[in-house]
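Numbering (the numbering used here), first residue to last: 79 to 404.
Below: one structure, written as structure tokens.
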């Protein structure tokens, strides 16, 4: 988990206050304790807090293309970056790191605002295009990684968390009553609404473009419900296809230069993931399960089921009990 934030004075190109940008970055230090970086140019300021996952030493951000005129602030992981890197090298690009985020920089060079369509992963990122004086934001298809923004008075603010945007002195905090109504009735706030008036969530599968002409938000992906003839396959063929897709997804998620583990409830979903992880890792999978103290229905525990799965796949298992004091 990393954190990004930034300010773009797109209307007049006014200088960005470095102290304000630092304040926006400081409040999300918990998202990236390993490193911090900023890029400030005429009218634009971008900040990144980094949690190192891939290429621990070389993946510092913001990240640049070969001539330094494309700037990236990235939060997330790109699971198909190895294939993208090979393809981009064949197209003549030079990579300075082994970090997955660098593929996004060069992908933007070739594909521009269509670059997000080529990515498999979870991400929220910002690209500053110096030549075109254009800021580009993108969020992954399912909205796993957050991106928030505010547009007012010829200025765009963006961040991984709303609290960064609230650090800007020109932001007046007012509740969004429509969002509050949704939360009280649905227990959920649909994007682009947030609880703060004037602050928006970039919806999943959307991009945002900001330049001198203003701001535009558009989708780059959506589920397709097109009518077509059903495929005639046997139950076994569908099961085989599902297994291949799951195995591929788990394998791609295992790319990391730091240790990782899996939450294990003992149910079908997490148990299947742990089983597939154990097939691809040389060392035992680190699994973690949560139980609840006390009695009654609220203390129903899945720990016994998780232990059975942990024993079956010889995981390094850890249990955490949560009680009223927690």
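Just so you know, even glycine gets a beta-carbon here, dropped at the ideal spot from N, CA and C.
Remember, it's a predicted structure, so these values are computed and weren't measured experimentally.
Legend entry - Straight-line Cα distance separating residue 295 from residue 235: Taking the first residue of the chain shown as position 1, residue 235 is located at position 157. Taking the first residue of the chain shown as position 1, residue 295 is located at position 217. Those two C-alpha atoms are separated by around 14 Å.
Legend entry - Residue burial classification, residue 181 (beta-carbon count within 10 angstroms, cutoff 16): Sequence index remark: in the chain shown, residue 181 carries index 103 (1-based). Residue 181 should be labelled buried.
Legend entry - Residue nearest to residue 379 in terms of C-alpha spacing, selected from 342, 127, 172, 85: Counting from one through the chain shown, the residue named residue 379 turns up at place 301. With distances taken between Cα atoms, residue 379 lies closest to 342.
Legend entry - Test item: CB-CB of residue 126 and residue 199 under 9 Å: The sequence position of residue 126 within the chain shown is 48, counting from 1. The sequence position of residue 199 within the chain shown is 121, counting from 1. Not a contact, by the Cβ cut-off of 9 Å.
Inset, instruction - Determine contact between the region 162–177 and the region 274–292, defined as no fewer than three beta-carbon pairs at a distance below 8 Å. - result: no
Legend entry - residue 250 - DSSP class collapsed to helix/strand/coil: Locating residue 250 in the chain shown gives position 172, counting from the first residue. Residue 250 falls in the coil class under three-state DSSP.
Inset, instruction - For residue 211, collect the residues of the same chain with a Cβ closer than 7 Å to its Cβ; drop the 5 residues on either side in sequence, then sort them by chain order. - result: Translated into the one-based positions of the chain shown, residue 211 becomes position 133. Taken in chain order, the residues that qualify are 289, 290.
Inset, instruction - Would you check if the distance between the CB atom of residue 85 and the CB atom of residue 105 is smaller than 9 Å? - result: For the purposes of this step, residue 85 is identified with residue 7 of the chain shown, where counting begins at 1. For the purposes of this step, residue 105 is identified with residue 27 of the chain shown, where counting begins at 1. No, these two residues do not count as a Cβ contact at 9 Å.
Legend entry - Residues bridged to residue 224 [DSSP beta-bridge criterion]: For the purposes of this step, residue 224 is taken as residue 146 along the chain shown, with counting starting at 1. Looking at the DSSP assignment, residue 224 forms no beta bridge with any residue, so it has no partner.
Legend entry - Selection from 201, 177, 326, 187 that minimises the alpha carbon distance to residue 238: In the chain shown, the residue the question calls residue 238 occupies position 160. Out of 201, 177, 326, 187, 201 has the C-alpha closest to the C-alpha of residue 238.
Inset, instruction - Quick one: give me the first and last residue of the beta strand (DSSP E) that residue 105 is part of. - result: Locating residue 105 in the chain shown gives position 27, counting from the first residue. Neither: residue 105 is in no beta strand (DSSP E) and is coded neither H nor E.
Legend entry - Contained beta strand (DSSP E) runs [length at least 3] in the region 248–319, N- to C-terminal order: 277–279, 284–289, 292–297
Inset, instruction - Could you please give me the residues that DSSP links to residue 128 through a beta bridge? - result: For the purposes of this step, residue 128 is taken as residue 50 along the chain shown, with counting starting at 1. Its beta-bridge partners are 111, 113.
Legend entry - Inter-residue Cα distance where the pair is residue 394 and residue 356: Walking along the chain shown from the start, residue 394 turns up at place 316. Walking along the chain shown from the start, residue 356 turns up at place 278. Looking at the two C-alpha atoms, the distance is approximately 11 Å.
Inset, instruction - Please name the residue in 358, 273, 248, 297 whose C-alpha comes closest to that of residue 215. - result: Taking the first residue of the chain shown as 1, we reach residue 215 at position 137. The candidate whose alpha carbon is nearest that of residue 215 is 297.
Legend entry - residue 225 versus residue 345: straight-line alpha-carbon distance, rounded: As a position in the chain shown, residue 225 is number 147, starting the count at 1. As a position in the chain shown, residue 345 is number 267, starting the count at 1. Roughly 31 Å between the two C-alpha positions.
Inset, instruction - Check whether the Cβ atoms of residue 384 and residue 363 lie closer than 9 Å to each other. - result: Within the chain shown, the letter at position 306 stands for residue 384. Within the chain shown, the letter at position 285 stands for residue 363. Cβ atoms of residue 384 and residue 363: not closer than 9 Å.
Legend entry - Check whether residue 140 and residue 124 have beta carbons under 9 Å apart: Against the chain shown, residue 140 aligns to sequence position 62. Against the chain shown, residue 124 aligns to sequence position 46. Yes, these two residues count as a Cβ contact at 9 Å.
Inset, instruction - Select from 372, 332, 120 the residue whose C-alpha is nearest the C-alpha of residue 156. - result: Reading the chain shown from its first residue, position 78 is the one you call residue 156. Comparing Cα positions, the closest option is 332.
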